[in-house]
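Enquirer: Residue numbers (my numbering): 23 to 372. Glycine included, C-beta positions come from ideal geometry on N, C-alpha and C. If you're wondering where the values come from, they're calculated on a predicted model, not measured in any experiment. Please see the structure below; I have some questions.
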Ligand code: TYM
């Protein structure tokens with residue numbers, strides 16, 4: 023049976039969608055629609071893995087779920103041609119996670135750097151869900167037997183774990199997989215991470231060595247997708263830089279994280295390589311480059327913010343997109359899960 027080339031990716035509804043999420047992930051989601059069949063998921067099961075104080079409680083979760091959906095649509099994802107849905111509405115995600123929990127090894131999970139970062143010093147007090155987060159991610163992807171996964175750089179290690187889980191499942195159940203008609207013994211594909219573009223790791227505007235993040239306590243560290251033009255201008259003008267003029271070649275960015283970050287953002291927003299941007303702005307002062315960056319950022323982000331606002335006023339429409347998407351996702355999910363359960367040997371009614 024030939025594998026369909028399929029894209030899956032997810033975004034957590036935990037508030038403050040920012041330029042990093044947009045350039046590292048969503049822009050690529052939009053592009054991939056041309057050549058793949060795509061599923062884009064609002065991962066609400068992942069969102070609750072930290073304390074309620076972090077994700078904000080039920081009303082906030084619902085609001086953020088609709089907001090991420092609106093951001094997908096406003097950025098150009100077509101929910102009719104592709105599938106947009108929220109994870110909790112397709113029960114297969116949680117069910118396949120259980121099977122994968124019994125395939126993945128504790129040692130693999132204890133190497134996950136994001137768990138260590140998020141759990142912090144008080145690891146004993148982290149939720150079991152936070153520890154299991156990467157296994158749920160593997161289930162998200164493999165429930166649709168997706169082959170390609172567009173993500174930012176920070177998800178690379180999780181994607182490697184998904185590949186390990188797919189491989190170990192195929193190895194552990196090889197004979198049964200062949201017995202179910204998969205002659206090559208490969209039931210799950212090894213999903214390939216797509217970490218592409220000049221902004222796979224957008225950094226904080228206040229500190230070029232720290233990732234731009236939803237959870238940074240300083241709102242000035244990030245540009246939110248819903249920021250208005252004045253706020254964007256203020257944040258970029260305040261962004262940390264160094265006293266040197268911009269270099270004329272990319273090599274000159276190597277030891278200058280803040281300059282590198284702003285040039286990377288400009289490159290990603292304009293769809294050009296960094297070397298092109300430096301050809302235009304190299305040798306000049308940051309102030310004029312920042313003015314151009316403000317203009318570009320506002321031109322690209324304000325139509326998205328306006329559409330998100332319009333959609334926020336019509337939650338019924340957004341909910342309908344999610345309901346319709348979940349129904350279509352569920353058709354694929356049920357088929358995979360049924361075969362996966364047969365492969366493992368769970369008895370069922372025939
Ligand atoms: P989340 O919501 O934290 O991030 C969503 C996407 O945004 C990317 N990203 C960034 N890219 C560049 N620069 C940044 N500063 C930056 N910050 C975030 C993330 O890499 C991600 O692609 N665990 C995933 C959600 C998920 C998922 C999946 C992804 C759940 N299941 C299955 C792929 C496949 C996450 O971190 O989401």
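1. Just checking residue 31 against ligand 1 - is the residue's beta carbon closer than 7 Å to any of the ligand's heavy atoms?
2. So which of 129, 326 and 260 has the shortest CA-CA distance to residue 311?
3. What would DSSP say about residue 225, mapped onto helix, strand or coil?
4. Exposed or buried, what is residue 23 when buried is set at 16 or more other beta-carbons lying within 10 Å of its beta-carbon?
5. Cβ of residue 65 within 7 Å of any heavy atom in ligand 1?
6. For residue 286 versus residue 296, is the C-beta distance shorter than 8 Å?
7. Flag residue 134 as yes when its Cβ comes closer than 7 Å to any non-hydrogen atom of ligand 1, and as no otherwise.
8. Verify whether the separation of the beta carbon atoms of residue 150 and residue 215 is less than 8 Å.
9. Please report the straight-line C-alpha distance between residue 30 and residue 53, rounded to a whole angstrom.
10. On the three-state DSSP scale, how would you describe residue 23?
11. Let me know if residue 162 comes out buried or exposed under the rule of 16 or more other beta-carbons within 10 Å of its beta-carbon.
12. Is the number of C-beta pairs between the region 52 to 67 and the region 247 to 261 that are closer than 8 Å three or more?
13. Taking the alpha carbon of residue 218 as the reference point, which residue from 229, 207, 289 and 251 has its own alpha carbon closest?
14. Taking the alpha-carbon positions, what's the residue 157 to residue 137 distance?
15. Out of 26, 28, 44 and 27, which has the shortest C-alpha to C-alpha gap to residue 34?
16. Write down every uninterrupted run of the beta strand (DSSP E) in the region 208 to 288 whose length is 3 residues or greater and which is fully enclosed by it, in chain order.
17. So does the region 194 to 204 actually touch the region 85 to 93, counting three or more Cβ pairs closer than 8 Å?
18. Ligand 1 and residue 177: does the residue's C-beta get closer than 7 Å to at least one heavy atom of that ligand?
19. Measure the alpha-carbon distance for residue 235 versus residue 243 and round it to whole angstroms.
20. Using DSSP's beta-bridge definition, name the partner residues of residue 105.
21. In or out: residue 442 buried (at least 16 other Cβ within 10 Å) or exposed?
22. Check residue 115 in the structure and name its three-state DSSP category.
23. Just checking, does the region 352 to 359 make contact with the region 105 to 123 on the three C-beta pairs under 8 Å criterion?
24. By the 10 Å Cβ neighbour count, where 16 or more other Cβ atoms means buried, how is residue 301 classified, buried or exposed?
25. Specify the secondary structure class of residue 28 as computed by DSSP and reduced to three states.
26. If I follow the unbroken beta strand (DSSP E) through residue 68, where does it start and stop?
27. Output the distance between the C-alpha atoms of residue 41 and residue 224, rounded to the nearest integer angstrom.
28. Just how far apart, CA to CA, sit residue 344 and residue 144?
29. Any heavy atom of ligand 1 closer than 7 Å to the CB of residue 104?
30. Run the CB neighbour count on residue 241, radius 10 Å, all protein chains shown included, and call it buried at 16 or more, exposed below.
31. Restricting to runs no shorter than 3 residues, where is the beta strand (DSSP E) found entirely within the region 137 to 223?
32. Examine chain D for any beta-carbon lying closer than 8 Å to the beta-carbon of residue 226, and answer yes or no.
33. Contact check, residue 231 vs residue 279 under 8 Å by CB: the rounded distance?
34. So is the beta-carbon of residue 264 under 7 Å away from any non-hydrogen atom of ligand 1?
35. Going along the chain, which residues of its own chain have a beta-carbon closer than 8 Å to the beta-carbon of residue 168, five neighbours each way excluded?
Expert: Quick answer:
1. One-based indexing of the chain shown puts residue 31 at position 9. Yes, the Cβ of residue 31 comes within 7 Å of a heavy atom of ligand 1.
2. Counted from its first residue, the chain shown places residue 311 at position 289. Of the residues 129, 326 and 260, the one whose Cα lies closest to the Cα of residue 311 is 260.
3. On the chain shown, residue 225 is found 203 positions in, with the first residue counted as 1. Strand.
4. One-based indexing of the chain shown puts residue 23 at position 1. Because the pLDDT of residue 23 is 48, which lies under 50, any placement of that residue in the model is unreliable, and the question is left without a value.
5. For the purposes of this step, residue 65 is identified with residue 43 of the chain shown, where counting begins at 1. Because some heavy atom of ligand 1 lies under 7 Å away, the Cβ of residue 65 counts as near it: yes.
6. Counting from one through the chain shown, the residue named residue 286 turns up at place 264. Counting from one through the chain shown, the residue named residue 296 turns up at place 274. Yes, Cβ-Cβ distance for residue 286 and residue 296 is below 8 Å.
7. Position 112 of the chain shown, counted from the start, is the residue given in the question as residue 134. Residue 134 Cβ: outside cutoff for every heavy atom of ligand 1.
8. Taking the first residue of the chain shown as 1, we reach residue 150 at position 128. Taking the first residue of the chain shown as 1, we reach residue 215 at position 193. Result no, Cβ atoms of residue 150 and residue 215 do not sit closer than 8 Å.
9. Indexing the chain shown from 1 puts residue 30 at position 8. Indexing the chain shown from 1 puts residue 53 at position 31. Cα to Cα, the separation comes out at about 13 Å.
10. As a position in the chain shown, residue 23 is number 1, starting the count at 1. Note that residue 23 has pLDDT 48, beneath the 50 cutoff, so the model's placement of it is unreliable and no number is given.
11. Within the chain shown, the letter at position 140 stands for residue 162. Residue 162 should be labelled buried.
12. Segments in contact, no.
13. Here residue 218 refers to the residue found at position 196 of the chain shown. It is 289 whose Cα lies nearest to the Cα of residue 218.
14. To locate residue 157, count along the chain shown from 1; it is residue 135. To locate residue 137, count along the chain shown from 1; it is residue 115. Residue 157 and residue 137 have their C-alpha atoms spaced approximately 12 Å apart.
15. One-based indexing of the chain shown puts residue 34 at position 12. When only C-alpha atoms are compared, the closest one is 44.
16. Look at the region 208 to 288 and you find these whole runs of beta strand (DSSP E), each 3 residues long or longer: 214 to 216.
17. Touching, no, given that fewer than three Cβ pairs across the two stretches are closer than 8 Å.
18. One-based indexing of the chain shown puts residue 177 at position 155. At least one heavy atom of ligand 1 is nearer than 7 Å to the Cβ of residue 177, so yes.
19. Walking along the chain shown from the start, residue 235 turns up at place 213. Walking along the chain shown from the start, residue 243 turns up at place 221. Put simply, the backbone Cα of residue 235 is about 8 Å away from that of residue 243.
20. Start at 1 with the first residue of the chain shown, and residue 105 comes out as number 83. Per DSSP, 61.
21. As displayed, the chain neither begins before 23 nor continues past 372, which places residue 442 out of reach and without an answer.
22. Stepping through the chain shown from its first residue, residue 115 is reached at position 93. The answer is helix: DSSP assigns residue 115 an H, G or I state.
23. The region 352 to 359 vs the region 105 to 123: in contact.
24. Within the chain shown, residue 301 is the residue found at index 279, counting from 1. Note on residue 301: under 16 other CB atoms within 10 angstroms of its CB, so exposed under the neighbour-count rule.
25. On the chain shown, position 6 is the one that residue 28 refers to. Under the three-state reduction of DSSP, residue 28 is assigned to strand.
26. As a first step, residue 68 must be located in the chain shown, where it is residue number 46. Note, residue 68: premise wrong, no beta strand (DSSP E); alpha helix (DSSP H) at 66 to 69.
27. For this step, residue 41 is matched to residue 19 along the chain shown. For this step, residue 224 is matched to residue 202 along the chain shown. In a straight line, the C-alpha of residue 41 is about 8 Å away from that of residue 224.
28. Position 322 of the chain shown, counted from the first residue, corresponds to residue 344. Position 122 of the chain shown, counted from the first residue, corresponds to residue 144. The straight-line gap separating the alpha-carbon atoms of residue 344 and residue 144 is approximately 36 Å.
29. On the chain shown, residue 104 is found 82 positions in, with the first residue counted as 1. No, since every heavy atom of ligand 1 falls outside the 7 Å radius drawn around the Cβ of residue 104.
30. Here residue 241 refers to the residue found at position 219 when the chain shown is read from its first residue. Exposed is the call here.
31. Counting only runs of 3 or more residues that sit fully inside the region 137 to 223, the beta strand (DSSP E) segments are 170 to 172 and 214 to 216, in chain order.
32. Included in the structure is just one protein chain, with no chain D present.
33. In the chain shown, the residue the question calls residue 231 occupies position 209. In the chain shown, the residue the question calls residue 279 occupies position 257. Between residue 231 and residue 279 the beta-carbon gap is near 5 Å, inside 8 Å, which marks them as a contact.
34. For the purposes of this step, residue 264 is taken as residue 242 along the chain shown, with counting starting at 1. For ligand 1, not one heavy atom lies less than 7 Å from the Cβ of residue 264.
35. For the purposes of this step, residue 168 is identified with residue 146 of the chain shown, where counting begins at 1. Within its own chain, the residues whose Cβ lies closer than 8 Å to the Cβ of residue 168, once the five positions on either side in sequence are excluded, are 28, 29, 30, 61, 211 and 213, listed in chain order.
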